[in-house]
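Following: one structure in structure tokens, then a few remarks.
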Amino acid sequence: MRLVGGPLAAWQQRNGEATIPHCIEQLDVSGVLDNFRRLLGESDAEFRGLVFADSDLYKVIEAVAWEIARTRTRAFDSWLDDVIALVARVQEPSGYVDTWIQGVAPEKKFAALEWTHEMYVAGHLIQAAVALVRAAGRTDLLDVARRLADLLVERFGPGGEDRICGHPEIETALVELYRLTGERTYLDLASRMIDLRGHGLLPAGSLGAHYFQDHRPVRESTAAVGHAVRQLYLNAGVTDVFVETGDDSLLRAMDAQWNSAHDRKMYLSGAFGSRHRDEAFGDDYELPSERAYAETCATVADLLWTWRMLLADGGAGTARYAETIEREVHNALAAAVDATGTRFFYANPLQQRRDHHSEENAPRERAPWYVCACCPPNIARTVAQLSAYVATVTDGALWLHQLADAEIDLPAELGTGTVRMVTGYPADGRVEIRVEGDVVPGAELSVRIPGWSPRSTLVGPDGPRECGGDGYARAPLEPGARYVLDLDLTPRLTTAHHRVDALRGAVAVERGPVVYCVEQADLDAPFDVDDLAVLPAPITVGERDTLVLRCRVINAADGLYGPDTATEFGDEHAVTAIPFSTWGNRAPGPMRVWLPRAPRGGLQ
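The structure is reproduced here in structure tokens:
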């Protein structure tokens, strides 16, 4: 599968040309590579970064692997040679490798798993190694990863210590290693890590057991709680284990968890986490815009989990999984990186006030790197493999989950041809699907019809095909055939559930899968983005993907509080809205996704 045009293909190209090289540079600037060199006597620098800084390197290696798979580039070969050799030389004979433990606190080796992140770091090493084998056939890092995984199996596998990592990630990595090697002990260890969680094995500390998802056994935990990234990484691993073992009790828990996270705790942008203190999910419907933490890594983690939930349904399933991925990719994930591909948001609020107080991981504008640099390399590895989320093949059918300008080579079970999607989506709602080459008789095409365009049909050689109950329209996949999908991209106003107290009386603007915002940069003085209210009037499409809203200025009485009759609405004005994914590219400043709703004739 290849993204060949449109915004996603352009993003992948920018990722390969700018983001990945930037991340490689920052590994030296931030001290990550020196942390390895100092253990070999090749650097006299002090250890820099957080205890899990090694994982930054492994995620960048994974990003490079998927870029090799996408383009067959050889530009990173020499760098890979150097850094993989560096990791291998640091690895102990036992298989252990973790520069913070080895160089700073050797007495803590496997002794404080609630905070040392040792298995989390190991998980990213394993995933990078698996990606390199799949993308380039390269096994040198796999040799390192297997020695480390074998150590974990020996120490924590069946009959070993009852211990778990404070930060889930190892679970899904072990399943991926099992899939690659066929070594059952890796899958068994992943299952054991899941079975042990929720039994109070981690010292809770001031943040409590919920923070670690250690408050309740996985099969009994039906609500997304605690540190958002940890919960979502855990769920990805649990879903992986279900796929390999068929344990329905795990899938039932994941169904409940998915509903909890997406029906009651997801931001409109596809972001997660409403609390800064512990980077955590809040209560149901606790979704404040200006205090949204909405960590970039949480969106990445949910994308990974949601894709696995789609695959758990046999690669088909219902459209809700694919639509969630679409929302995340076009909004929260896209907003986390700037137009140059070299500056990033860690936290992604849906509102920024004029007097926004910057925090280390919630600055007013994107930063080139962070002390806790988990998000930039996570973006790099995710964007490099975006094409993998476009389609699946199952039960004699090609399922198109993401609508994008792309080419899909048919597997042997469906034929020897290519399916080509031609579209300017999401700016353009027309999607043309062409089938080139041979197709086996009886093959089927299933195309997702977005929920915001419910009356759209897939028109093929035998006429229109309606959307089914699962959100997909089906038609025979025929050689030489042409199918057309015309989607309704009329801009629309969106409201939140009435229990989201922070958003009562407010609306957001969407067009297709894209969430819009109003940015102070588009307002002339003396208008302020925080004083605008949207009229229930038609929204028009402007230039360069902008929308034009009809708004009134709110003229409030003096004082923080006043009588109910004190608010008045001023004159009507045209206001430009831009895709949320592009905010902050011109200058830091106020921005809002949700705006109060104004009555047409004034206060009523």
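Heads up, the sequence shown is in UniProt numbering, so the first residue is 1 and it goes up one at a time.
We treat Cβ as the ideally placed atom computed from N, Cα and C, and that holds for glycine.
Item                                                                                                             : Value
Cβ-based neighbour list, G602, same chain, cut-off 6 Å, excluding 5 preceding and 5 following                    : In this predicted model, G602 has a pLDDT of only 47, less than 50, meaning its place in the structure is not dependable; the value taken from the coordinates is given anyway. Contacts found: F569.
Proximal residues to G157 (C-beta, below 7 Å), its chain only, five neighbours per side dropped                  : T185, D188, L189 and R192
CB of L50 within 8 Å of CB of L33, strictly                                                                      : no
A75 and A128 closer than 8 Å at C-beta                                                                           : no
First and last residue of the uninterrupted beta strand (DSSP E) at Y293                                         : First-last for Y293: undefined, no H or E at that position.
Sequence-distant residues of its chain with Cβ nearer than 6 Å to N361 (five each side left out)                 : Y346 and A347
Q604 versus A556 - alpha carbon distance                                                                         : Confidence at Q604 is low in this model, with a pLDDT of 40, below 50, so the placement of that residue should be treated as unreliable; the coordinate-derived value is given next. Going from the Cα of Q604 to the Cα of A556 covers about 15 Å.
Alpha-carbon to alpha-carbon, S456 and I449                                                                      : 7 Å
Pick from F272, E295 and C375 that is closest to L287, judged by C-alpha positions                               : F272
Neighbour-count burial assignment, T490, 16 or more Cβ in a 10 Å radius                                          : exposed
Check whether T306 and Y321 have beta carbons under 8 Å apart                                                    : yes
Per DSSP, the bridge partner or partners of G415                                                                 : V439
8 Å Cβ shell around G480 - same chain, five flanking residues per side excluded                                  : V435 and E436
Close-in-space but distant-in-sequence residues of the same chain around L113 (CB under 8 Å, 5 per side omitted) : M119, R163, I164, C165, G166 and L202
Segment contact, 8 Å Cβ cut-off, at least three pairs: the region 237–250 with the region 307–314                : yes
Residues bridged to residue 608 [DSSP beta-bridge criterion]                                                     : Any property of residue 608 remains undetermined from this structure, which presents the chain solely from 1 to 604.
Proximity of T19 and T342 at Cβ, strictly below 8 Å                                                              : yes
Assigned secondary structure, R197 (DSSP; H/G/I helix, E/B strand, else coil)                                    : coil
Segment limits, alpha helix (DSSP H) that includes P7                                                            : G6 to R14
Pair within 8 Å by beta-carbon distance, F47 and N331                                                            : no
H276 versus I84 - alpha carbon distance                                                                          : 36 Å
Residue(s) in a DSSP beta bridge with V548                                                                       : T540 and T576
Three or more C-beta pairs below 8 Å linking the region 403–422 and the region 361–380                           : no
Proximity winner among L141, A224 and H117, relative to I126 (alpha-carbon distances)                            : L141
Spatial neighbours of V534 in its chain, beta-carbon cut-off 8 Å, leaving aside the 5 residues before and after  : L493, V507, V509, L549, R550, C551, L595, P596, R597 and A598
Inter-residue spacing [alpha-carbon to alpha-carbon] between P464 and L458                                       : 5 Å
Spatial distance of L312 from V431 (CA atoms)                                                                    : According to the sequence displayed, residue 312 carries Ala and not Leu. Roughly 27 Å separates the two Cα atoms.
V447 beta carbon less than 8 Å from that of Y472                                                                 : yes
Boundaries (first-last residue) of the alpha helix (DSSP H) holding A136                                         : E118 to A136
T222, DSSP secondary structure in three states                                                                   : coil
Boundaries (first-last residue) of the beta strand (DSSP E) holding E176                                         : Premise fails: E176 lies in the alpha helix (DSSP H), I170 to T181, not in any beta strand (DSSP E).
Short Cβ contact (8 Å threshold) for R2 with E290                                                                : no
Endpoints, the beta strand (DSSP E) within which W79 is located                                                  : Note, W79: premise wrong, no beta strand (DSSP E); alpha helix (DSSP H) at D77 to V90.
Collapsed DSSP secondary structure at V97 in the structure displayed                                             : coil
Supposed close pair E169, H124 - CB separation, criterion 8 Å                                                    : 7 Å
Nearest neighbour of C23, chosen from L8, F36, V60 and S55 [CA to CA]                                            : V60
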